[in-house]
Amino acid sequence: MRFDWPPEQAEFREEVRQFAAERSQKPSWDQDEDRENWASAESRENLAELDRRGWLRRSWPKDLGGQEMSPWYQFLLAIELAYTDVHYGRRGTSSMIGPAIQRFGTDAQRAEYLPKIWSGEITCALGYSEPNAGSDLASLRTRAVRDGDSYVINGSKIWTSDAHWTSHVYLAVRTDPQAPKHRGISIFIVPLNLKGITIRPIEMMFHHRTNEVFFDDVVVPADWRIGEENRGWYMLATALDHERATMAINNYMDLVHVFEWSIGYLNATRPDVLADPVARRKLAEIRLDLSMLRALVMTTGSIVASGEAPSKEASASKVWATELGTRMTGTMMDLLGRDGTQVADSPVGSPVRGRLEKQLWFSALQRFTGGANEIQRTIIAERGLGLPRERRPA
Amino acid sequence: MNLGLSDTQEMIRDSMRQQLQREVSWERVSAVIAEGGHDDALWKRLAADGWLGFAFPESMGGGGADLLDVAVALEEISKSAAVVPFAETMACVYTLTRRGTEGAQAALAEAVVENAGAVAPALAGPGDEITVSAEGAVSGSIRYVDYGPASTHHLVSASGPVGPQLLLVDAGNSGVTQRSLDNVGRTPQSAAAYTRVPAIAAGGEDAAALLTQTATVLCCVQLVAFAQQALDLTIPYVRDRVQFGRAIGTFQAVQQQAADMVSALDAARYLTYEAVWKVEHGTCSPADLATAKAAASRTGVFVTLTAHQLHGGMGMTEEYPLHFFSRRAKERSLAWGSEHESLALLADSVTDETDWR
Chain V
13 MRFDWPPEQA
23 EFREEVRQFA
33 AERSQKPSWD
43 QDEDRENWAS
53 AESRENLAEL
63 DRRGWLRRSW
73 PKDLGGQEMS
83 PWYQFLLAIE
93 LAYTDVHYGR
103 RGTSSMIGPA
113 IQRFGTDAQR
123 AEYLPKIWSG
133 EITCALGYSE
143 PNAGSDLASL
153 RTRAVRDGDS
163 YVINGSKIWT
173 SDAHWTSHVY
183 LAVRTDPQAP
193 KHRGISIFIV
203 PLNLKGITIR
213 PIEMMFHHRT
223 NEVFFDDVVV
233 PADWRIGEEN
243 RGWYMLATAL
253 DHERATMAIN
263 NYMDLVHVFE
273 WSIGYLNATR
283 PDVLADPVAR
293 RKLAEIRLDL
303 SMLRALVMTT
313 GSIVASGEAP
323 SKEASASKVW
333 ATELGTRMTG
343 TMMDLLGRDG
353 TQVADSPVGS
363 PVRGRLEKQL
373 WFSALQRFTG
383 GANEIQRTII
393 AERGLGLPRE
403 RRPA
Chain B
128 MNLGLSDTQE
138 MIRDSMRQQL
148 QREVSWERVS
158 AVIAEGGHDD
168 ALWKRLAADG
178 WLGFAFPESM
188 GGGGADLLDV
198 AVALEEISKS
208 AAVVPFAETM
218 ACVYTLTRRG
228 TEGAQAALAE
238 AVVENAGAVA
248 PALAGPGDEI
258 TVSAEGAVSG
268 SIRYVDYGPA
278 STHHLVSASG
288 PVGPQLLLVD
298 AGNSGVTQRS
308 LDNVGRTPQS
318 AAAYTRVPAI
328 AAGGEDAAAL
338 LTQTATVLCC
348 VQLVAFAQQA
358 LDLTIPYVRD
368 RVQFGRAIGT
378 FQAVQQQAAD
388 MVSALDAARY
398 LTYEAVWKVE
408 HGTCSPADLA
418 TAKAAASRTG
428 VFVTLTAHQL
438 HGGMGMTEEY
448 PLHFFSRRAK
458 ERSLAWGSEH
468 ESLALLADSV
478 TDETDWR
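Residue numbers (the working numbering), protein chains in the order written: chain V, 13 to 406; chain B, 128 to 484.
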């Protein structure tokens, strides 16, 4: 057991910190921030630069241009860039879809897609959920029907965040409607500019745009399918474990920012709150909860570093982060009394420039996205603790 | 960063676990608790097998174990429900071998390694007062001394004219009187009074600070161990217990509580071992210590009480071992800084900058 970084990893961390310092100043509580600018040219350039330095692939196999070094390098990179709020491509495309193509794709697909993913040319939205397939994702119904060397796709996806600016969608579709629901799903990587694809915006309650995506006789070549036909569910489940491990880092740092900003805001504008011992005690509880979240994130990183799938640990981080997010933003607003009611554009100002309110709704959303917390707890109990499976309806 | 055990630590865990599985039965623990004492035969056995000397540095003829090694051994002892003053004695041994005076180190080696004695930290709390005469004799009283009656020596904290200091006293001296206390953990404990007891000057302010840190993080390790054991009892129980025609472990409401138990435990375990590591490396801040203790206290009580909920009536009986762990967890959660006291300390420093990376 050791809780520090060996010299070569500490040195790497310093390099990343320097890189980050040149590209982003973590905004202070009274500065504007733009958390939706992952689509910017700057963001794409950051991604390309990270790849030029070889940092995105330190832990990858050598035959894919990697250096086969400890997965802790990816962890350090992710946590440092999240802390300093450096944007690089679309969160997840390089960390999640890249590894899936590496693992399940053909040689031709690896050669075609991976360089473009690392350069930021390809960005992916996730085409999983459908109007009638949310938590019960395996019941998805968007169809892909084989037609010679092609497939024809019909159906619709929902909550497809970022699809209005990403180049591709990483799409789960049904290829065998007769098979049991987990065994008839396949995965495609599909450009979003194809004929027959329509993207319609959905405005969420906290100034976030997501999308509906409609597929109307969209023809895609068979070699855009990733992995074996009808084996898509297995690939999805693997990718979801890694998605949650990455999400855990980002969720954690989002909450760290909110905590730091709130302390900054209170120091500058509401010293009366900080002088109140009951309020300080509530802030101390948030600090303790954040430390426990840090512990879960580090534990998840440690499982990944040991080469195992971070199933129970990633789920625990996700549950802890999202529930803490609603609890802590709620507490912070509560400490402010009526000042807590004002939102970002209010002429009298708003607490932490509206970020408390935004994080409140965002955390409330995150409790059920990426696998609802109820499902995460079932994963922890059944996969992590080995409890018997509950009887589920087919 | 590496959360895995080293080869040495795996060896410590396995050999301690095997020995305890051979020697400590629940019947034996129940008998020891019923008599209100400690398991002296087991303590002698641990001494004979070298466990009491293993935290002495090799230069003093010991096993050279660091604080993480001690924590790994303590976790096994705590999970076994053995009633022995291992945490207390190891906190004193670790402190004095690192920061103690030569006189205290020699006396300690004789007491613990040669004579299989035990040493109890006797730290003055609110209302306690300890004075030291010009000749170095200790007088005063201390309300709570864990395993005080079971220990051959007490390591007493006093505040002298030059600041806090530690004094090693022979608990068998006629100037020491102890009244046995009854606590929620059913652990041996005394209120001790000292009347002009001859003492060995054992260490100064830095030693006193290290004793508090060491005792606190070892207390966290005990809490984590008690919670782990409560969880380890709960999982097979809910897997086997059938109600409504199915194992209750298949019910979502049961599963979700089990998930919350293990998630909190994973977090508390990480913070605990991180604090142990920081104490070993001299980098444990007061906030680090308070964070670990608050997390361990909260989690120890939460996990053991949830274990009771999932066990139902069986878990409340004297014959089933769960109450040992829930009682001990409750008692340890209040020692060396309760959750409330630890949070109060964090509240004082809540606006300080923290490196969250």
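Think of the CB as a built atom: it goes at the ideal place given N, C-alpha and C, for glycine as much as any other residue. Given the structure is predicted, the values throughout are model-derived calculations rather than measurements.
Item to check | Closest Cα partner of B:Cys219 within the set B:Ala423, B:Ser317, B:Thr343 | outcome: B:Thr343
Checklist entry - Is the Cβ-Cβ distance between V:Gly407 and V:Ala184 less than 8 angstroms? => result Not covered by the structure: residue 407 of chain V. The range shown for chain V is 13 to 406.
Next on the checklist: I'd like to know whether the C-beta atoms of B:Thr426 and B:Ala395 end up nearer to each other than 8 angstroms.
Outcome noted: yes
Checklist entry - In angstroms, rounded to a whole number, what distance separates the CA positions of V:Gln354 and V:Ala137? => result 33 angstroms
Next on the checklist: Against V:Trp332, what residues of chain B qualify as contacts under a CB-to-CB distance less than 9 angstroms, listed in chain order?
Outcome noted: Ser390, Ala391, Ala394
Checklist entry - Buried or exposed: which applies to V:Met265, given that a residue is buried once 16 or more other Cβ atoms fall within 10 Å of its Cβ? => result buried
Item to check | Contacts around V:Ile315, its chain only, beta-carbon distance under 6 angstroms, and the 5 residues preceding and following it disregarded | outcome: Correct list, in chain order: Pro322, Glu325.
Checklist entry - Under 9 angstroms Cβ-Cβ, which residues of chain V neighbour B:Phe378? => result Glu402
Checklist entry - When Cβ atoms are compared, which residues of the stretch 286 to 297 of chain V fall closer than 8 angstroms to chain D? => result In the structure shown, chain D does not exist; the protein chains are V and B.
Checklist entry - DSSP beta-bridge partners for V:Ser168? => result Note: V:Ser168 sits in a beta bridge opposite V:Phe226.
Checklist entry - Along the chain, which unbroken stretches of the alpha helix (DSSP H) at least 4 residues long are found entirely within the stretch 357 to 407 of chain B? => result 379 to 407
Checklist entry - Considering only the beta carbon of each residue, do B:Ala249 and B:His165 sit closer than 8 angstroms? => result no
Checklist entry - Using a C-beta to C-beta distance shorter than 8 angstroms, which residues of chain B count as neighbours of V:Arg306? => result Trp483
Checklist entry - Going by Cα to Cα distance, which pick from B:Val265, B:Arg225, B:Asp196, B:Gly227 is closest to B:Ala214? => result B:Asp196
Checklist entry - Would you say B:Arg140 faces chain V, with C-beta separation under 8 angstroms as the test? => result no
Checklist entry - Between the stretch 59 to 93 of chain V and chain B, which residues of the former have CB atoms less than 8 angstroms from a CB of the latter, in chain order? => result Trp84, Ile91, Glu92
Checklist entry - Residues in the stretch 266 to 283 of chain V with C-beta within 7 angstroms of chain B's C-beta atoms, listed in sequence order? => result Val268, Ile275, Asn279
Checklist entry - What are the partner residues of V:Ile211, as DSSP defines its beta bridges? => result Per the DSSP secondary-structure output, V:Ile211 pairs in a beta bridge with V:Val225.
Checklist entry - At least one CB of chain V closer than 8 angstroms to the CB of B:Tyr195: is that the case? => result At residue 195 of chain B the sequence reads Leu, which differs from the Tyr that was named. By this cut-off, B:Leu195 is an interface position.
Checklist entry - Does DSSP classify V:Phe15 as helix, strand or coil? => result When DSSP states are grouped into helix, strand and coil, V:Phe15 belongs to the coil group.
Checklist entry - Going along chain B in order, which residues have a C-beta closer than 8 angstroms to the C-beta of V:Glu394? => result Gln382
Item to check | Three-state secondary structure (DSSP) of B:Cys219 | outcome: helix
Next on the checklist: What does DSSP give as the partner residue(s) for V:Ser198 in the beta ladder?
Outcome noted: V:Val185
Checklist entry - Do you know offhand how far V:Leu347's Cα is from V:Lys370's? => result 17 angstroms
Checklist entry - Under 8 angstroms Cβ-Cβ, which residues of chain V neighbour B:Asp362? => result Correcting the residue identity first, residue 362 of chain B is Ile in this sequence and not Asp. Those are Leu397, Gly398, Leu399, listed as they occur along chain V.
Next on the checklist: Tell me the DSSP secondary structure of V:His99 in three-state form.
Outcome noted: coil
Checklist entry - Taking only beta-carbon atoms, is V:Arg350 less than 8 angstroms away from chain B? => result Contact of V:Arg350 with chain B is not assigned, every C-beta pair being separated by 8 angstroms or more.
Item to check | DSSP beta-bridge partners of V:Asn205 | outcome: Answer by DSSP bridge pairing: none, since V:Asn205 is not bridged.
Checklist entry - Are the C-beta atoms of B:Gln136 and some chain V residue less than 8 angstroms apart? => result Using a Cβ-Cβ cut-off of 8 angstroms, B:Gln136 counts as an interface residue toward chain V, since at least one Cβ of chain V sits closer than that to its own.
Item to check | Which of helix, strand or coil DSSP assigns to B:Ser186 | outcome: Note: B:Ser186 maps to helix in three-state DSSP.
Item to check | Contacts around B:Gln384, its chain only, beta-carbon distance under 8 angstroms, and the 5 residues preceding and following it disregarded | outcome: The residues are Thr433, Gln436, Leu437.
Checklist entry - Counting only runs that start and end within the stretch 189 to 274 of chain B, where is the beta strand (DSSP E) found for 3 or more residues in a row? => result Correct list: 246 to 249, 256 to 259, 264 to 273.
Next on the checklist: Tell me which residues share the same chain as B:Gly312 and place their Cβ nearer than 6 angstroms to its Cβ, disregarding the 5 neighbours each side in the sequence.
Outcome noted: Arg454, Arg455, Glu458
Item to check | Segment contact flag, the stretch 193 to 208 of chain V with the stretch 218 to 234 of chain V, C-beta cutoff 8 angstroms, min 3 pairs | outcome: Between the stretch 193 to 208 of chain V and the stretch 218 to 234 of chain V there are three or more inter-stretch CB-CB distances shorter than 8 angstroms, so the stretches are counted as touching.
Checklist entry - If you follow the alpha helix (DSSP H) that B:Arg323 is part of, which residue opens it and which one closes it? => result Unbroken run through B:Arg323 is the beta strand (DSSP E), 316 to 330; no alpha helix (DSSP H).
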